[in-house]
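Participant: Position one of the sequence shown corresponds to residue 1 (the UniProt record's numbering), numbered consecutively onward.
We treat Cβ as the ideally placed atom computed from N, Cα and C, and that holds for glycine.
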Amino acid sequence: MVNSLHMPRLVIAAPSSGSGKTTVATGLMAAFAERGLAVSPHKAGPDYIDPGYHALATGRPGRNLDAFMCGTELVAPLFAHGAAGCDLAVVEGVMGLYDGAAGRGELASTAQVAKLLRAPVVLVVDASSQSRSVAALVHGFASFDPQVRLGGVILNKVGSDRHEMMLREALEEAGMPVLGVLRRAPQVAAPSRHLGLVPVAERRADAVSSVAALAAQVRAGCDLEALMSLARTAPPLDCEAWSPERSLDPRDPAPSAVEARDLGQSPGRRPVIAVAGGPAFTFSYAEHAELLTAAGADVVTFDPLRDEALPDATTGLVIGGGFPEVYAPELSANAPLRRAVADFAAAGGPVAAECAGLLYLARSLDGKPMCGVLDADARMSERLTLGYREAVAVSDSALAATGTRLRGHEFHRTVIEPGAGAAPAWGFTHPERRVEGFVQGAVHASYLHTHWAAQPSVARRFARAAAARR
Numbered sequence: 001m002v003n004s005l006h007m008p009r010l011v012i013a014a015p016s017s018g019s020g021k022t023t024v025a026t027g028l029m030a031a032f033a034e035r036g037l038a039v040s041p042h043k044a045g046p047d048y049i050d051p052g053y054h055a056l057a058t059g060r061p062g063r064n065l066d067a068f069m070c071g072t073e074l075v076a077p078l079f080a081h082g083a084a085g086c087d088l089a090v091v092e093g094v095m096g097l098y099d100g101a102a103g104r105g106e107l108a109s110t111a112q113v114a115k116l117l118r119a120p121v122v123l124v125v126d127a128s129s130q131s132r133s134v135a136a137l138v139h140g141f142a143s144f145d146p147q148v149r150l151g152g153v154i155l156n157k158v159g160s161d162r163h164e165m166m167l168r169e170a171l172e173e174a175g176m177p178v179l180g181v182l183r184r185a186p187q188v189a190a191p192s193r194h195l196g197l198v199p200v201a202e203r204r205a206d207a208v209s210s211v212a213a214l215a216a217q218v219r220a221g222c223d224l225e226a227l228m229s230l231a232r233t234a235p236p237l238d239c240e241a242w243s244p245e246r247s248l249d250p251r252d253p254a255p256s257a258v259e260a261r262d263l264g265q266s267p268g269r270r271p272v273i274a275v276a277g278g279p280a281f282t283f284s285y286a287e288h289a290e291l292l293t294a295a296g297a298d299v300v301t302f303d304p305l306r307d308e309a310l311p312d313a314t315t316g317l318v319i320g321g322g323f324p325e326v327y328a329p330e331l332s333a334n335a336p337l338r339r340a341v342a343d344f345a346a347a348g349g350p351v352a353a354e355c356a357g358l359l360y361l362a363r364s365l366d367g368k369p370m371c372g373v374l375d376a377d378a379r380m381s382e383r384l385t386l387g388y389r390e391a392v393a394v395s396d397s398a399l400a401a402t403g404t405r406l407r408g409h410e411f412h413r414t415v416i417e418p419g420a421g422a423a424p425a426w427g428f429t430h431p432e433r434r435v436e437g438f439v440q441g442a443v444h445a446s447y448l449h450t451h452w453a454a455q456p457s458v459a460r461r462f463a464r465a466a467a468a469r470r
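If you want it as structure tokens, here you go:
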């Protein structure tokens, strides 16, 4: 059923990375939330870290809109799912406005997401080293694709009143509204390291202060009324909101009470899937837990830094991405949990691990003992592995049947040196051909980050494997 979604919305874009998109988007979300609005936060692309700051600003899960991993057809439905019941949606872009998947034209660019959402774009411009030239820059971005509606500019890193005056005069001459001016304020910048911003979970108290400072900066420098008026110009969006329940194949139902009894479980008992969280494992998409719940599982979070045992009655284990390399000594020191994970896997418990999870399952990470589930050792590297991937499952596993196709994303500065005893998880078909990951017993471990909304069958398959665990 197709519905018309009447949702004020803005896409916050920039000419390039480092212009201040996260500063402005997070500050706007927090400033509007402080006014009592229910703000729906979104992020274009695969990034896990910025949505954590968005969630802190709005009190709602930050959700990703990735046209490569999920397909263009799911961008609007996933947006509508996240924005349900809200007063305003703010979408932070990725990289430069027109930058997308390498060699794929506009695919997965902020511009494409804006067009799919029929949303006006606000361009955040780092004006620190220019004056009248800003008009030429903005004119180029506004005219490059007539289907992208550039509704105004927020000038960032403006040095003085005179600098601001020159910038405003140039943009007025070009007919482009200035919706905000932010002065240089390094004190509110979030700290970064080898893979981007430090996640909220690692600096929650400081992050709360940073978001509050961003909100104050945006309140002082931006015309919130004009921005809201621009957001209201977005036309109705005709789509059916994505639903985790409806996305699952009704021909493959969740285990019934009879099946549960046949599996040795109490009638009606739902499988318990433990999901790693805490500061070391912060990378997850909200839709994964929603899909597992819709598939008949109870999802429980645990912290491998602090918890010495898996949650009670765990029958499935999901260990997503994050920064285990930062916490290797602490993870290694929690020997009781490492043993519990190893025993669970050795007994045939289904495990799905991505990137950080893969490293945690290895025998060691930078010389520190890990869980030892896999005959492999991991270490930090100077080389950044980054990019979208097209993959096909080359081994049957608790997560995916052989032949299952998924698009995903690699993003890491580690390498893993495998031993023997495991089959590969994925065969990459683009942009290069190679196999990657491990399938060993009921363990599926890989560097590939995936978005299960694109292939809900993996959530159903994993929930069923957890239900079959005695």
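Just to confirm the assignment, what range does the beta strand (DSSP E) spanning Asp126 have?
Facilitator: Asp126 -> beta strand (DSSP E) spans 121–126.
Participant: So what does DSSP say about Arg219, is it helix, strand or coil?
Facilitator: Here Arg219 sits in helix by DSSP.
Participant: DSSP on Arg339, reduced to helix/strand/coil?
Facilitator: Looking at Arg339 - three-state DSSP - the assignment turns out to be helix.
Participant: What residues in its chain sit with their C-beta under 6 angstroms from that of Gln440, if we drop five residues either side in the sequence?
Facilitator: Hits under 6 angstroms: Ala422.
Participant: Using the C-alpha atoms, what's the distance from Tyr360 back to Ala376?
Facilitator: When rounded, the distance between both Cα atoms is 11 angstroms.
Participant: If you reduce the DSSP assignment to three classes, tell me which class Met165 lands in.
Facilitator: If DSSP states are grouped into helix, strand and coil, Met165 belongs with the helices.
Participant: Assess, as a yes-or-no matter, whether the segment 391–407 is touched by the segment 445–459 under the definition of 3 or more beta carbon pairs within less than 8 angstroms.
Facilitator: Yes, they touch.
Participant: Measure the beta-carbon distance from Asn156 to Gly20 and round it to whole angstroms, keeping in mind my assumption that it falls under 8 angstroms.
Facilitator: With a Cβ gap of about 4 angstroms, Asn156 and Gly20 count as contacting.
Participant: Gly140 by DSSP, collapsed to three states: which one?
Facilitator: In this structure, Gly140 counts as helix in the three-state DSSP scheme.
Participant: Which residue comes first and which comes last in the beta strand (DSSP E) that contains Gly387?
Facilitator: Run containing Gly387: 376–393, per the beta strand (DSSP E) assignment.
Participant: Taking 8 angstroms as the cut-off, does the segment 110–130 touch the segment 48–57 (at least 3 CB pairs, one atom from each stretch)?
Facilitator: With the cut-off at 8 angstroms, the segment 48–57 and the segment 110–130 do not touch.
Participant: Of the choices Cys70, Asp66, Ala84, Gly71, whose alpha-carbon is the least far from that of Arg9?
Facilitator: Closest by alpha carbon: Ala84.
Participant: Is the segment 120–132 in contact with the segment 328–337, if contact means three or more CB pairs nearer than 8 angstroms?
Facilitator: Because the criterion of three Cβ pairs below 8 angstroms is not met, the segment 120–132 and the segment 328–337 do not touch.
Participant: Met7 and Leu237 look like a contact to me (Cβ under 8 angstroms); what is the Cβ gap, rounded to whole Å?
Facilitator: Confirmed, about 7 angstroms.
Participant: Please identify the residue among Ala231, Leu116, Pro279, Ala459 whose C-alpha is closest to the C-alpha of Gly316.
Facilitator: Among Ala231, Leu116, Pro279, Ala459, the Cα nearest to that of Gly316 belongs to Ala459.
Participant: Apply the 10 Å Cβ neighbour rule to Gln217 and answer buried if 16 or more other Cβ atoms are within range, or exposed otherwise.
Facilitator: Buried, by the Cβ-count rule.
Participant: Got a sec? Which residues, its chain only, sit under 8 angstroms from Val300 by beta carbon, not counting five neighbours each side?
Facilitator: Cβ within range, chain order: Val272, Ile273, Ala274, Val275, Pro311, Thr314.
Participant: So is Pro41 buried or exposed if we call it buried at 16+ other beta carbons inside 10 Å?
Facilitator: Looking at its Cβ environment, which holds 16 or more other Cβ atoms inside 10 Å, Pro41 is buried.
Participant: Any chance the segment 26–39 sits against the segment 125–135, with 3 or more Cβ pairs inside 8 angstroms?
Facilitator: Result no; under three Cβ-Cβ pairs closer than 8 angstroms.
Participant: Give a yes or no on whether 7 angstroms exceeds the smallest Cβ distance from Val90 to chain C.
Facilitator: Of the protein chains in the structure, only one exists, and it is not chain C.
Participant: Does DSSP classify Glu92 as helix, strand or coil?
Facilitator: The answer is strand: DSSP assigns Glu92 an E or B state.
Participant: Secondary structure at Trp426, three-state DSSP: helix, strand or coil?
Facilitator: The answer is strand: DSSP assigns Trp426 an E or B state.
Participant: Residue range of the beta strand (DSSP E) that His444 falls in?
Facilitator: 443–446 is the extent of the beta strand (DSSP E) around His444.
Participant: In whole angstroms, what separates the C-alpha of Cys355 from that of Pro61?
Facilitator: Cα-Cα distance, rounded: 22 angstroms.
Participant: To the nearest angstrom, report how far apart Val341 and Gly320 are at their CA atoms.
Facilitator: Spanning the two alpha carbons is a distance of roughly 14 angstroms.
Participant: In terms of alpha-carbon separation, which member of Val435, Asn3, Gly221, Gly27 lies closest to Ala215?
Facilitator: Nearest of Val435, Asn3, Gly221, Gly27 to Ala215, Cα basis: Gly27.
Participant: Beta carbon of Asp66, beta carbon of Gly100: below 7 angstroms?
Facilitator: No. Outside cutoff.
Participant: Does the separation of the CB atoms of Trp426 and Glu436 fall below 7 angstroms?
Facilitator: Yes, the Cβ-Cβ distance between Trp426 and Glu436 is below 7 angstroms.
Participant: Taking 6 angstroms as the limit between beta carbons, can you name the residues of its chain near residue 472, skipping five residues before and five after?
Facilitator: Lying before the first or after the last residue shown, residue 472 is absent from the chain, which here runs from 1 to 470.
Participant: Could you pull out every residue in the same chain whose Cβ sits closer than 6 angstroms to the Cβ of Val258, ignoring the five residues on either side in sequence?
Facilitator: Bear in mind that a pLDDT of 38 at Val258, under 50, signals an unreliable position, so the model cannot answer this.
Participant: Considering just the uninterrupted stretch of the beta strand (DSSP E) at Arg461, what are its terminal residues?
Facilitator: That residue, Arg461, is in no beta strand (DSSP E); its alpha helix (DSSP H) goes 457–467.
Participant: Please report the distance separating the alpha-carbon of Asp366 from that of Val415.
Facilitator: If I take the Cα positions, the gap works out to 10 angstroms.
Participant: The beta strand (DSSP E) spanning Phe438 covers which residue range?
Facilitator: Run containing Phe438: 438–440, per the beta strand (DSSP E) assignment.
Participant: According to the Cβ coordinates, are Gly348 and Ala442 closer than 7 angstroms?
Facilitator: Yes, Cβ-Cβ distance for Gly348 and Ala442 is below 7 angstroms.
Participant: Tell me the DSSP secondary structure of Thr315 in three-state form.
Facilitator: In the structure shown, Thr315 sits in a strand (DSSP, three-state: E or B).
Participant: Using the C-alpha atoms, what's the distance from Leu230 back to Asp87?
Facilitator: Going from the Cα of Asp87 to the Cα of Leu230 covers about 14 angstroms.
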